[in-house]
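Trainee: Protein chains in written order, with our numbering: chain A, 998 to 1390; chain B, 998 to 1390. Note that the Cβ used here is the ideal one computed from N, Cα and C, for glycine as well. Please read these numbers as outputs of a predicted model, since none were measured by experiment.
Right under this line is the structure:
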């Protein structure tokens, strides 16, 4: 896209290309999501989360031995510093898990003897430390706030299965673990979304990767960003049964509201991730003996799309949150952990972007993101305001 | 500036106006810095930090009673939750104070019963809680890492004097307290610099202000942003005496290096803040019986400017960091606390920007900052790469 085909003023930079990147391609019209050249459909079907992390960080698929070494390296980093747990135990149990994760993540610095030294190898080490450690922190908070003992990582399990084990205290069945793994693969990367832009921006000041990832977690915590599948789940519960969908849709559309999980800023067709998540959601509902959430979602999708088209004369499509809600819910995961799940996956993409921002030679740019702003505040005349003393106001 | 007079691609958005704002005007050519219509020179001379906070947050100067109430309100928020201290005590004493501040700041949420509720009044309350609390956290870490007892806030003192008291355990003399107060005034706001842009960006997702400010601290921690006056101080120590300046400058300029504290991305004349800081640095050196740092700075400024002009045929100017280094150092503040000092001042500006981002009706923009990026990664042919199975690689 040409630099100046779109306005940049007060548009949130929406759709304005501001940088070049080799990490991810999102082709909104075609519904294609591509990590480092590979279609998400292929990756979701064939690769596990560890392999995706390698691909994102090291810019290519690993060979068999490399993947084994990488998995081993992540396992070695699952143990977090002891003061993480003592810290979490001092927090009120109703604290938002995203706030907890934003705060606790930089504690992983303590396991990183290279912190402060520059160099891409050191940052790759830190990235692995973050990917491994944030899963442990999230699971630990899921336990501690429910007054349960923290579970030590189990190195017989891969990243996805081990997370569910640390969260629930039980080794998940293979199918559930696989679905969760695929969920992590699907959420790992999505180009310059808001939280990734935050990570890049913090990294551009040459802050270390822990500062950048913590900031990105803060960005993801916003209701307009990471919280969408929580609202999908809330909506599904509110609807409650298929026979109430028509009424729900009518009320929403006539009041100018939105159907959660339908519509996306970039895709102009169904989000490719939603197409992968839907059958997993269906099967997970069967496994968990809770078919209702998938059934509701599927019926809502059909009826919602039709109603939207009838009313607005254009189509609307499923986004990633539409079926991830029912999938994660059927796994028994508490809804306010959905955003942290997003974070423990997306950290892989964030890390790749931090590294690209700080080390890529292909896209040199002057130091840091420092946009301008037009001052539209009032002066108090033709020039600056006159400061009157306190007694004279 | 017109939307498209400057390129936006891989330029770090440098100089590209992306939003309108009523908070701050920086006129680089004229060397003017303006908060809410008022020249920094007037504010630095006549207002204290609390008044600046009021001005930035409430968009006008306070009346006498309003300022009194505001000061009282900040005092009530100086006490931080007890688990802040217990948390800090678990940290390794060599942890970077900016990392500590980024982590600990969201703990202030616990004192904020309105968290999660929207509305500008609630966010203003949170802003005051952050301004008051971050000073306490910073001072506490300054004590704890030196194995000293945490000092309770003293509500007979204003914000600046109380910070120095909490840090040093002694009530500062009036002149030192006044200089520190003015230092806070000068660092409070500077338009869309990198950390402020981070704060706005996180706030644009509708994350709460604690998430946004924590992220901004992360951004400020970067070497290209908040750490400049630390490097000025390091340079001054390295030079050591006035007779070594010529040699130092020659070495730096012939190796293509930079003289720390000279040059600024926006100002094309001396930074107005440097002009205010210089005499304070001089006087503080006298008070502390350490005139060397100011003397070195002054001589380096003169010789450095002349050498730069002779070599590069253009002028270079002092930035804010050039004299704040020697000022804070003569106050006895440890150099790695310089960036946290910046943060406990700038939080006032960050908060004003968060509020403008989330609540200003004057500049409606579509939800969040979500720029585009041009994908320049390789495909493996005309289309996407073919995923080969692990065994076949």
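1. Under 7 angstroms between beta-carbons, which chain B residues line up against residue 1202 of chain A? List them in chain order, please.
2. So residue 1228 of chain A contacts chain B; which residues on that side make the cut at Cβ distance below 7 angstroms?
3. Checking 9 angstroms against the spacing of the C-beta atoms, do residue 1374 of chain B and residue 1022 of chain A come in under that value?
4. Tell me which residue opens and which closes the alpha helix (DSSP H) that residue 1024 of chain A is part of.
5. Measure the CB-CB distance between residue 1120 of chain B and residue 1346 of chain B and report whether it falls below 9 angstroms.
6. At the 9 angstroms Cβ level, is residue 1087 of chain B part of the contact set with chain A, yes or no?
7. Pull up the distance between the alpha-carbon of residue 1108 of chain B and that of residue 1380 of chain B, whole angstroms please.
8. Helix, strand or coil for residue 1035 of chain A, going by three-state DSSP, please let me know.
9. Please check the pair residue 1278 of chain B and residue 1348 of chain B, which I expect to be a contact at CB under 8 angstroms, by giving their CB distance rounded to whole angstroms.
10. Check the Cβ-Cβ distances between residue 1021 of chain B and every residue of chain A, and say whether any is below 9 angstroms.
11. What residue range does the alpha helix (DSSP H) around residue 1380 of chain A cover?
12. Between which two residues does the alpha helix (DSSP H) harbouring residue 1289 of chain B extend?
13. Look at the alpha carbon of residue 1164 of chain B and the alpha carbon of residue 1131 of chain B, and state the distance between them as a whole number of angstroms.
14. Over the uninterrupted beta strand (DSSP E) stretch that includes residue 1068 of chain A, give me the two end residues.
15. With DSSP collapsed to three states, give me the class of residue 1014 of chain A.
16. To which residues of the same chain is residue 1322 of chain A closer than 6 angstroms at the C-beta, ignoring the five residues directly before and after it?
17. Is the shortest distance between the beta-carbon of residue 1080 of chain B and the beta-carbons of chain A less than 9 angstroms?
18. Can a CB atom of chain A be found closer than 9 angstroms to the CB of residue 1071 of chain B?
19. Please give me, in chain order, every unbroken run of the beta strand (DSSP E) with length at least 3 that falls completely inside the segment 1307 to 1338 of chain B.
20. Under 9 angstroms between C-beta atoms, does residue 1316 of chain A make it to chain B?
21. At 9 angstroms on the CB atoms, spell out the chain A contacts of residue 1107 of chain B, in chain order.
22. Excluding the five sequence neighbours on either side, which residues of its own chain have a C-beta within less than 8 angstroms of the C-beta of residue 1391 of chain B, listed in chain order?
23. In the DSSP assignment, find the beta strand (DSSP E) that holds residue 1371 of chain A and state where it starts and stops.
24. Enumerate in chain order the residues of its own chain whose CB-to-CB distance from residue 1351 of chain B is below 6 angstroms, with the five nearest sequence positions on each side excluded.
25. Which residues, in order along the segment 1032 to 1044 of chain B, keep a beta-carbon less than 8 angstroms from a beta-carbon of chain A?
26. Quick check on residue 1048 of chain A - is its C-beta less than 9 angstroms from some C-beta in chain B?
27. Below 7 angstroms on C-beta distance, what does residue 1195 of chain B contact in chain A?
28. Kindly say whether residue 1359 of chain A, judged by its beta-carbon, lies nearer than 9 angstroms to any beta-carbon of chain B.
29. Show which residues of chain A have a CB atom less than 8 angstroms away from the CB atom of residue 1068 of chain B.
30. Along chain B, in chain order, which residues have C-beta atoms closer than 8 angstroms to that of residue 1365 of chain A?
31. Compute the beta-carbon to beta-carbon distance between residue 1183 of chain B and residue 1270 of chain B, rounded to the nearest angstrom, for a pair I have assumed lies under 8 angstroms.
32. Does DSSP put residue 1027 of chain A in a helix, in a strand, or in coil?
33. Buried or exposed: residue 1390 of chain B, going by 16 or more other Cβ atoms within 10 Å of its Cβ?
34. Note down, in chain order, all residues in the segment 1371 to 1382 of chain A with a beta-carbon under 8 angstroms from any beta-carbon belonging to chain B.
35. Can you tell me which of the three DSSP states residue 1052 of chain B falls into?
36. Where do the N-terminal and C-terminal ends of the alpha helix (DSSP H) with residue 1376 of chain B fall, by residue?
Mentor: Taking the coordinates as given:
1. Ordered by position in chain B, the residues that pass the 7 angstroms Cβ test against residue 1202 of chain A are 1191, 1216, 1219, 1221 and 1222.
2. Simply none; closest approach about 12 angstroms.
3. The criterion of a C-beta distance shorter than 9 angstroms is satisfied by residue 1374 of chain B and residue 1022 of chain A.
4. Where residue 1024 of chain A is concerned, there is no enclosing alpha helix (DSSP H), although the beta strand (DSSP E) it sits in stretches over 1021 to 1024.
5. Taking a C-beta distance under 9 angstroms as the contact criterion, residue 1120 of chain B and residue 1346 of chain B do not qualify as a contact pair.
6. Taking Cβ atoms only, chain A reaches closer than 9 angstroms to residue 1087 of chain B, which makes this a yes.
7. Their Cα atoms are separated by approximately 55 angstroms.
8. Strand at residue 1035 of chain A.
9. About 28 angstroms separates the two Cβ atoms, so there is no contact after all.
10. It does: the Cβ of residue 1021 of chain B has a partner Cβ on chain A nearer than 9 angstroms.
11. Where residue 1380 of chain A is concerned, there is no enclosing alpha helix (DSSP H), because DSSP gives it neither an H nor an E.
12. Where residue 1289 of chain B is concerned, the enclosing alpha helix (DSSP H) stretches over 1289 to 1309.
13. Here the C-alpha atom of residue 1164 of chain B lies approximately 13 angstroms from the C-alpha atom of residue 1131 of chain B.
14. Careful: residue 1068 of chain A lies outside any beta strand (DSSP E), inside the alpha helix (DSSP H) at 1061 to 1073.
15. Residue state, collapsed to three classes: strand.
16. Correct list, in chain order: 1226, 1229 and 1230.
17. Closer than 9 angstroms to some Cβ of chain A, the Cβ of residue 1080 of chain B qualifies, so yes.
18. With 9 angstroms as the cut-off, residue 1071 of chain B does not count as an interface residue toward chain A.
19. Look at the segment 1307 to 1338 of chain B and you find no whole run of beta strand (DSSP E) that is 3 residues long or longer.
20. Answer no: the Cβ-Cβ gap between residue 1316 of chain A and chain B never drops below 9 angstroms.
21. Neighbourhood of residue 1107 of chain B in chain A, by CB distance below 9 angstroms: 1088, 1089 and 1092, in chain order.
22. Since the first residue of chain B shown is 998 and the last is 1390, residue 1391 of chain B is not available in this structure.
23. In this chain, the beta strand (DSSP E) harbouring residue 1371 of chain A covers 1369 to 1372.
24. For residue 1351 of chain B, the CB contacts under 6 angstroms within the same chain, skipping 5 residues up- and downstream, are 1196, 1200, 1206 and 1209 in chain order.
25. Of all residues in the segment 1032 to 1044 of chain B, 1033, 1034, 1035, 1036, 1039, 1040, 1043 and 1044 have a Cβ within less than 8 angstroms of some Cβ in chain A.
26. Chain B contact via Cβ: present.
27. Neighbours of residue 1195 of chain B on chain A, chain order: 1195, 1198, 1199 and 1212.
28. Because the pLDDT at residue 1359 of chain A is just 48, under 50, the model does not fix this residue reliably, and the value given afterwards should be weighed accordingly. For residue 1359 of chain A, at least one C-beta of chain B is nearer than 9 angstroms to its own C-beta.
29. Below the 8 angstroms Cβ cutoff, chain A contributes no neighbours of residue 1068 of chain B, its closest Cβ being approximately 12 angstroms away.
30. Within chain B, the residues near residue 1365 of chain A are 1009, 1191, 1219, 1221 and 1222.
31. The C-beta separation of residue 1183 of chain B from residue 1270 of chain B comes to about 4 angstroms, placing the pair in contact by the 8 angstroms criterion.
32. DSSP places residue 1027 of chain A outside both helix and strand once states are collapsed to three, so it counts as coil.
33. Residue environment: residue 1390 of chain B is assigned as exposed (fewer than 16 neighbouring CB atoms within 10 Å of its CB, all protein chains considered).
34. Within the segment 1371 to 1382 of chain A, the residues whose Cβ lies closer than 8 angstroms to some Cβ of chain B are 1371, 1372, 1373, 1374, 1375, 1376, 1377, 1381 and 1382, listed in chain order.
35. In this structure, residue 1052 of chain B counts as helix in the three-state DSSP scheme.
36. First-last for residue 1376 of chain B: undefined, no H or E at that position.
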